[in-house]
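For reference, the structure discussed in these notes is given below.
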């Protein structure tokens, strides 16, 4: 009976994931600091990382702004960190970084886990494809992550070596701070009106 319930639960999860994938992501964008977003997600994941014996390190550059749906991007990053936890059953190291790269903010999640077989790396974004053991993954997490990132005008890529770890890079358009207008020659002070109301006098 328990096995049947577990299978029903898994099917329900898969169906719900497919429905989520079928919907075009609706974005509620706001301007956020990439550093705050990354640090916030890492804080949420810290208890799970500690319980798994995984040492976390973050390196975040200053002044990185994004125009994103923060909630959806948080879910993407949490999914990547969860994948890393699953790939390090005996503990390990996780490095999360954020930096500027050619007009984009590049967020990297790199682990020292089991890695992915070279034959499978090209399929990690395929719906329902998973390298996890039965019952641990639906095969939809990276597919949905790719769709969310693409909806933001960004890209996501995976590099991995078997038994050496995996690195996932998310690139999102960087928001440039508004340029400061140079001061006017008069120092920004308004000039008093001329006695003739600004009209030119002709000789």
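Residue numbers (our numbering): 7 to 209.
Here a beta-carbon is modelled for each residue, glycine too, at the ideal position from N, C-alpha and C.
**Request:** Note down the Cα distance separating residue 57 from residue 130, rounded to an integer number of angstroms.
**Result:** Roughly 26 angstroms separates the two Cα atoms.
**Prompt:** For residue 54, does the count of other Cβ atoms within 10 angstroms reach 16, so buried, or fall short, so exposed?
**Reply:** Taking all protein chains shown into account, residue 54 has fewer than 16 neighbouring C-beta atoms within 10 Å of its C-beta and is therefore exposed.
**Request:** Measure the C-alpha to C-alpha separation of residue 32 and residue 42 and round it to an integer number of angstroms.
**Result:** C-alpha separation (whole angstroms): 22 angstroms.
**Request:** Tell me residue 162's beta-bridge partners as DSSP assigns them.
**Result:** Paired residues: 176.
**Item:** Sufficient close CB pairs (3 or more, under 8 angstroms) joining the stretch 109 to 129 to the stretch 82 to 90
**Value:** Short answer: they touch.
**Span of the beta strand (DSSP E), counted from its first residue to its last, around residue 149** = Unbroken run through residue 149 is the alpha helix (DSSP H), 147 to 157; no beta strand (DSSP E).
**Message:** DSSP three-state label for residue 167, please.
**Reply:** Three-state result, residue 167: strand.
**Prompt:** CB of residue 33 to nearest heavy atom of the ligand MN: below 8 angstroms?
**Reply:** Of the ligands one can find in the structure shown there are none, so the ligand MN has no counterpart to examine.
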